[in-house]
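Below you'll find the structure, written out as structure tokens, and then a few comments.
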């Protein structure tokens with residue numbers, strides 16, 4: 002039995018009606034609509050605060066991340082776990098998990114924004130911890146509901162973190178270099 006199948010079998014075996022309801026709420030909180038609402042509100046707020054670089058980080062990473070995720074899904078064309086195990090009906094391909102990838106991008110850029118903007122140490126730590134926990138919960142919810150194989154979720158987290166890292170580096174603050182006497 003494959004790794005993916007054994008993880009899926011374990012998730013299906015542990016299902017209870019109340020937990021299915023809770024996990025469904027978690028999975029919806031990491032869906033497209035929720036991610037775009039958070040991204041739009043955060044980008045707008047950052048722009049209103051004059052934090053253009055951070056606004057570009059959030060908007061750029063999320064918009065381009067959606068394109069990358071869609072391209073990867075169409076490139077790999079992996080089928081989702083079979084019915085009746087699958088508790089959600091989805092028509093797109095499975096690899097990588099879009100929920101896992103987009104929440105990993107969003108959480109990663111939010112961590113970067115938090116580290117750049119929030120000055121209070123314990124608030125920073127709490128926000129980073131909650132964002133990591135949220136991303137893990139959303140990804141695991143996709144496996145529990147059999148919307149994805151575990152390797153889809155692992156790939157989503159990996160691609161998402163890497164894509165966010167690219168944008169974080171792209172928008173980092175570069176130290177100003179001193180002008181030499183010949184440049185003055």
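Residue numbers (the numbering used here): 2 to 185.
Beta carbons: idealized from backbone N, C-alpha and C, even for Gly.
For residue 125, the enclosing alpha helix (DSSP H) starts and ends at 122-145.
Only buried fits residue 100, as 16 or more other CB atoms lie within 10 angstroms of its CB.
Apart from the 5 residues on each side of it in sequence, residue 89 sits with its Cβ closer than 7 Å to the Cβ of 146 and 148 in its chain, given in chain order. In the three-state reduction of the DSSP assignment, residue 5 falls in the helix class, which pools H, G and I. Residue burial is scored here from C-beta neighbours: residue 111 has at least 16 other C-beta atoms within 10 angstroms and is therefore classed as buried. The alpha-carbon of residue 118 is positioned some 18 Å away from that of residue 106. Listed in chain order, the alpha helix (DSSP H) elements of length 4 or more contained wholly in the segment 19-84 are 33-49 and 53-77. Going by beta carbons, residue 135 and residue 104 fall inside the 8 Å limit. Per the coordinates, the alpha-carbon of residue 156 lies some 22 Å from the alpha-carbon of residue 171.
Burial is judged here by how many other beta carbons sit within 10 angstroms of a residue's own beta carbon; residue 132 has at least 16 and is buried.
Assigned with DSSP and collapsed to three states, residue 11 falls in helix.
Assignment of residue 104 by DSSP, reduced to helix, strand and coil, places it in the helix class.
For residue 12, the closest of 54, 57, 52 and 140 by C-alpha to C-alpha distance is 140. From the listed residues 143, 162 and 7, the smallest Cα separation to residue 81 is found for 143.
Shown here, residue 88 sits in coil according to DSSP, grouped into three states, outside any helix or strand.
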